[in-house]
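Residue numbers (this note's numbering): 4 to 180. Structure record follows, encoded as structure tokens.
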Amino acid sequence: MNARLLPIAFALAAGGCAAWRLWGEIPVSTGPAAAEEIPQAPEERRKAALFYSDLGPDEIDVSSYPAEKRREYGVYVRVCSRCHSLARSVNAPYVDRSWWEFYLASMRMRAHFHGEPLGKTDVKAVLDFLDYDASRRKIGRAAEFKALKIELERRFEAALDERMEQLQKRPLPHRPR
Ligand code: HEC
Numbered sequence: 004m005n006a007r008l009l010p011i012a013f014a015l016a017a018g019g020c021a022a023w024r025l026w027g028e029i030p031v032s033t034g035p036a037a038a039e040e041i042p043q044a045p046e047e048r049r050k051a052a053l054f055y056s057d058l059g060p061d062e063i064d065v066s067s068y069p070a071e072k073r074r075e076y077g078v079y080v081r082v083c084s085r086c087h088s089l090a091r092s093v094n095a096p097y098v099d100r101s102w103w104e105f106y107l108a109s110m111r112m113r114a115h116f117h118g119e120p121l122g123k124t125d126v127k128a129v130l131d132f133l134d135y136d137a138s139r140r141k142i143g144r145a146a147e148f149k150a151l152k153i154e155l156e157r158r159f160e161a162a163l164d165e166r167m168e169q170l171q172k173r174p175l176p177h178r179p180r
């Protein structure tokens with residue numbers, strides 16, 4: 004190689020290595036659902052979480068949904084946040100209408116015993132909403148929804164570890180002999 008080109012070759016190689024190192028540090032963006040952009044659930048919700056989905060957002064931006072779907076969203080919010088956070092279904096992985104039909108059948112029974120029966124028209128509105136919303140958000144923006152799921156699962160695991168640690172710190176119950 005021409006001796007005058009050597010420093011240039013060297014500089015190019017060094018630059019390439021630096022670029023490579025930087026490349027490795029660029030965080031992978033997963034769109035609006037990037038981990039740090041997902042708001043933390045309030046503490047009571049973190050403590051009481053039974054499903055990873057409990058730790059996610061508890062509302063849906065329906066501003067771009069058709070009027071009928073926005074109306075159904077109102078029913079969904081009213082009916083499905085009675086016993087647990089709406090987050091549980093907002094972030095649930097299910098997209099299949101028959102799954103929700105099956106689920107809502109048992110939910111109706113539960114609500115009945117709870118003394119607040121779920122009406123047929125409300126159930127239909129909720130199902131129609133869940134169906135439409137799944138197509139828009141869970142299927143239509145699948146990559147983003149998947150990134151959300153992965154992050155919530157990670158947080159749920161951490162929350163469980165934290166709870167386990169708290170339990171282990173508690174004094175053992177006194178056992179009389
Ligand atoms: C009467 C109280 C009650 C109402 C009303 C209620 N839920 Fe639930 N839901 C529960 C309980 C309790 C659980 C946890 C135990 C279980 O899954 O059996 C649960 C669990 C869930 C789960 C997690 C199930 C799983 O296995 O992944 C989803 C999703 C859910 N509810 C969605 C809804 C939706 C959607 C509505 C509105 C139609 C609703 N819930 C209304 C009591 C209720």
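We treat Cβ as the ideally placed atom computed from N, Cα and C, and that holds for glycine. Remember, it's a predicted structure, so these values are computed and weren't measured experimentally.
Checklist line | residue 158 to residue 38 span [Cα, whole Å] | finding: 10 Å
Notebook entry, point to check: Alpha carbon to alpha carbon, how far is residue 40 from residue 90?
Noted result: 16 Å
Margin query: Once DSSP output is grouped into helix, strand and coil, what is the label at residue 52?
Written below: DSSP places residue 52 in coil when its eight states are reduced to three.
Note to self: On the criterion of 16 or more Cβ atoms from any shown chain inside 10 Å, does residue 196 qualify as buried, or is it exposed?
What the structure shows: The requested residue 196 does not occur in the structure, where the chain is confined to residues 4 to 180.
Note to self: I'd like the span of the alpha helix (DSSP H) that includes residue 62, first residue to last.
What the structure shows: Per DSSP, residue 62 belongs to no alpha helix (DSSP H) and is neither H nor E.
Notebook entry, point to check: For the candidate residues 141, 93, 167 and 135, whose alpha-carbon lies nearest to that of residue 71?
Noted result: 135
Item checked: Reduced DSSP category for residue 77 - H, G, I as helix; E, B as strand; rest coil -> helix
Notebook entry, point to check: Any chance the CB of residue 177 is under 6 Å from a heavy atom of the ligand HEC?
Noted result: No - the ligand HEC has no heavy atom lying nearer than 6 Å to the Cβ of residue 177.
Next item on the list: List the whole-angstrom C-beta distance separating residue 83 from residue 92, where the pair is believed to meet the contact cut-off of C-beta under 8 Å.
Entry: Indeed they touch by this definition, with Cβ atoms about 6 Å apart.
Note to self: Taking the alpha helix (DSSP H) that residue 109 belongs to, which residues open and close that run?
What the structure shows: 100-116
Notebook entry, point to check: Is DSSP giving residue 171 helix, strand or coil here?
Noted result: helix
Notebook entry, point to check: When the Cα atoms are used, what is the spatial distance from residue 95 to residue 172?
Noted result: 32 Å
Note to self: On the DSSP letters alone, give me the boundaries of the alpha helix (DSSP H) that residue 92 sits inside.
What the structure shows: 90-93
Notebook entry, point to check: Which residues in the same chain have their Cβ closer than 7 Å to the Cβ of residue 160, if we skip the five residues on either side of it in sequence?
Noted result: none
Check: What does a CB cutoff of less than 8 Å around residue 56 pick up in its chain, not counting 5 residues either side in sequence?
Finding: 90, 91, 92, 93, 94, 95, 96 and 155
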